[in-house]
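J.: Questions regarding the structure given below will be posed in turn.
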């Protein structure tokens, strides 16, 4: 699965993969692998991404087109 949404969300905030790696406490290479779909995104990282971008995990995974998280 390709996680194009996390790339789009990152680019919307004008962040580099290296910066996202620092935010998520992983390397740029690991983060790049998430965006390309070479690595499955662990649940812990999905939660961090959803909180950081204020979107639902379902949005990140492409299950819904509704961005807002369920708060």
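Numbering (our numbering), first residue to last: 2 to 72. Ideal Cβ placement from N, Cα and C applies to all residues, glycine included.
Exposed or buried, which one is residue 52 when buried takes at least 16 other CB atoms within 10 Å?
T.: Classification of residue 52: exposed, given that the 10 Å Cβ count is below 16.
J.: Which term fits residue 42, buried or exposed, when burial requires 16 or more other beta carbons within 10 angstroms of its beta carbon?
T.: Residue 42 should be labelled buried.
J.: Per the DSSP calculation, residue 56 is bridged to which residue(s)?
T.: Residue 56 pairs with 69.
J.: Is the Cβ-Cβ distance between residue 36 and residue 7 less than 8 Å?
T.: Yes. Within cutoff.
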